[in-house]
Amino acid sequence: MKIINDGFDVGTKSRNQMIDITARVEAIVDKAGIKDGDVTVYCPHTTAGVTINENADPDVGHDILLTLSELIPAGQPGYQHSEGNSDAHCKSSIVGCSKQILVKDGRLLLGTWQGIYFCEFDGPRSRKVFVQARGE
Amino acid sequence: MKIINDGFDVGTKSRNQMIDITARVEAIVDKAGIKDGDVTVYCPHTTAGVTINENADPDVGHDILLTLSELIPAGQPGYQHSEGNSDAHCKSSIVGCSKQILVKDGRLLLGTWQGIYFCEFDGPRSRKVFVQARGE
Amino acid sequence: MKIINDGFDVGTKSRNQMIDITARVEAIVDKAGIKDGDVTVYCPHTTAGVTINENADPDVGHDILLTLSELIPAGQPGYQHSEGNSDAHCKSSIVGCSKQILVKDGRLLLGTWQGIYFCEFDGPRSRKVFVQARGE
């Protein structure tokens, strides 16, 4: 049983942005030599997150970010946090800060249309992604 | 340490539907012979998800689907994805495409009222569920 | 490879409340003697959840709970569940009932500003948290 901790940096360019990190996660699992097991992709930030969604049409990411921003507008009356980014903290808790992906025969068990996305909600910023692969 | 990959098919009948898959996950953990460890229930689709919620009163599932559809209506102005199912993609990222359940003494460590649900957001469709059980 | 099942009780005082449980999770990982691996924090209730968000300014928790309550008001027309807490069930499925945190060199791999929170959505109540630490 191997447990491999790795990770990478992500530079974001907009306040809200979804960045496809699938290939970077695949490369870590490949390098770790995990054939069967699982991998966790973890965002150590409180105004960003990780999601899995369609990787074919970039318009899907646009529409997810649009929906989140319409549901959770910046500067909502009643917000007490003084940094002015409470919307980003809320989006982080709703999308979640990590995702777990299964590994079989050395491949990520993603669906045909699934990609792994780093979700920036308070960019642009320099971000980190932690990746832990476990298995044999 | 065992790592067992398994799964099953789910046929959905409505555009939005919650289907209790607890017994099917339990059967896989039982067959895998895992006594202590965990199991991941993973949906490889981008317009569906997996959640854990009340299994006693089916009205709870109705109310969750109602809330999601009121928050994220189909055909919202500004959506760019041409397939017309951006609402389903958004619901998938909000509910999440997988859940992890602990296993102890050969049983799923669910709460008294908890069941595992496949959430269809763009049905009716034929769907797959991946299940990975890990442990001893 | 160790798999340690543990947990603790949480008493909540308000209908909606976020309680920092980071130190209690750390203590379990420490006691389990896990150096590298992961830990899952699992809420076995259907009207509560677990999230990871900022632990420096308590106003962030206030703003997350405010946003969730504005998005999902109690007593929404159309709710069928007779217990009157459908909003709490919806919040639980949106925030999620568990979180996975990585462990490296005996420490939780949380970001600088991250804490682990038990989220009460239908309190005050006596609640349980399950914790499973896995690793070496």
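As you go down the protein sequences, you meet chains D, L and G in turn. Residue 576 in this note's numbering sits at position 106 of the first sequence, with consecutive numbering throughout. Residue 584 in this note's numbering sits at position 114 of the second sequence, with consecutive numbering throughout. Residue 544 in this note's numbering sits at position 74 of the third sequence, with consecutive numbering throughout. Every residue, glycine too, gets a C-beta built ideally from N, C-alpha and C.
Ordered along the chain, which non-local residues of its own chain (more than five positions away) have a Cβ less than 6 Å from that of residue i?
i        : result
D/ILE491 : ILE586, PHE588
G/ARG595 : THR482
G/LYS569 : VAL511, VAL520, ILE522
D/PRO502 : Correcting the residue type first, residue 502 of chain D is Ala in the shown sequence and not Pro. So the list reads ILE474, ALA603, once near-sequence residues are dropped.
L/LEU535 : ASN486
Below 7 Å on C-beta distance, what does residue i contact in chain G?
i        : result
D/PHE600 : LEU572, LEU579
L/THR517 : Simply none; closest approach about 17 Å.
D/GLY566 : GLY566
Leaving aside the five residues before and after residue i along the sequence, list all residues of the same chain whose C-beta is less than 7 Å from its C-beta, in chain order.
i        : result
D/TRP583 : GLU524, ASN525, ALA526
G/CYS560 : ILE542
L/ASN562 : Here residue 562 of chain L is Ser; the residue named in the question, Asn, does not match the sequence. If we look at L/SER562 and ignore the five residues flanking it on each side, its Cβ neighbours are THR516, THR517, ALA518, GLY519, PHE591.
D/CYS567 : TYR512, CYS513, GLY519, VAL520
Which value, in whole angstroms, describes the spacing of the CA atoms of residue i and residue j?
i        : j        : result
L/CYS513 : G/VAL530 : 31 Å
L/PRO547 : G/GLY548 : 24 Å
L/GLY477 : L/GLU496 : 11 Å
D/VAL480 : D/GLN487 : 11 Å
L/ILE571 : D/GLY545 : 37 Å
D/ARG577 : G/PHE600 : 31 Å
L/LYS598 : L/SER552 : 24 Å
G/GLY554 : G/THR517 : 11 Å
G/ILE489 : G/ASP533 : 14 Å
D/VAL565 : G/GLN550 : 27 Å
G/THR537 : D/LEU538 : 12 Å
D/ARG494 : L/GLY581 : 36 Å
D/PRO528 : G/GLU540 : 30 Å
L/MET471 : G/LYS472 : 10 Å
Tell me which same chain residues have a C-beta within less than 8 Å of the C-beta of residue i, skipping the five on either side of it?
i        : result
G/VAL573 : VAL499, ILE504, LYS505, ASP506, GLY507, ASP508, VAL509, LEU579, ALA603, GLY605
D/SER484 : GLU590, GLY593, PRO594
D/PRO543 : ASP557
D/ASP575 : LYS505, ASP506
Please classify residue i: does DSSP put it in a helix, a strand, or coil?
i        : result
L/GLY566 : coil
D/GLY596 : According to the sequence shown, residue 596 of chain D is Ser rather than Gly. D/SER596 falls in the strand class under three-state DSSP.
L/CYS589 : strand
D/LEU579 : coil
D/ALA493 : helix
L/ASP508 : strand
G/GLY554 : coil
L/GLY503 : coil
G/ILE474 : strand
G/LYS561 : helix
D/GLU540 : helix
L/ASP479 : strand
L/GLY548 : coil
Quick check: is the beta carbon of residue i nearer than 8 Å to any beta carbon in chain L?
i        : result
D/GLU606 : yes
D/HIS532 : yes
G/TYR587 : no
D/GLU524 : yes
D/GLN584 : yes
For a cutoff of 8 Å on Cβ pairs, would you count residue i as touching chain D?
i        : result
G/GLU590 : no
L/MET488 : no
L/THR510 : yes
L/SER596 : no
G/ASP527 : yes
Does residue i get closer than 8 Å to chain A when you measure Cβ to Cβ?
i        : result
L/THR537 : You won't find chain A in this structure, because its protein chains are D, L and G.
Any beta carbon of chain G sitting closer than 8 Å to that of residue i?
i        : result
D/GLY548 : yes
L/ASP500 : no
Determine the chain L residues that contact residue i at a beta-carbon separation under 8 Å, and present them in chain order.
i        : result
G/PRO514 : LEU579, LEU580, GLY581, THR582, GLN584
Can residue i be considered in contact with the ligand FMN, in the sense that its beta carbon sits closer than 7 Å to one or more heavy atoms?
i        : result
G/MET471 : Ligands displayed in this structure: none; no statement on the ligand FMN is therefore possible.
Residues of chain D with CB under 8 Å from residue i, in chain order?
i        : result
G/GLY507 : ILE473, ARG604
Could you list which residues in chain L have their beta carbon closer than 7 Å to that of residue i, in chain order?
i        : result
G/THR542 : The identity of residue 542 of chain G in the sequence shown is Ile, whereas the question assumes Thr. What G/ILE542 touches in chain L: THR537.
Residues of chain D with CB under 7 Å from residue i, in chain order?
i        : result
L/SER484 : Correct list: empty, because the minimum Cβ distance to chain D is about 21 Å.
G/THR521 : SER563
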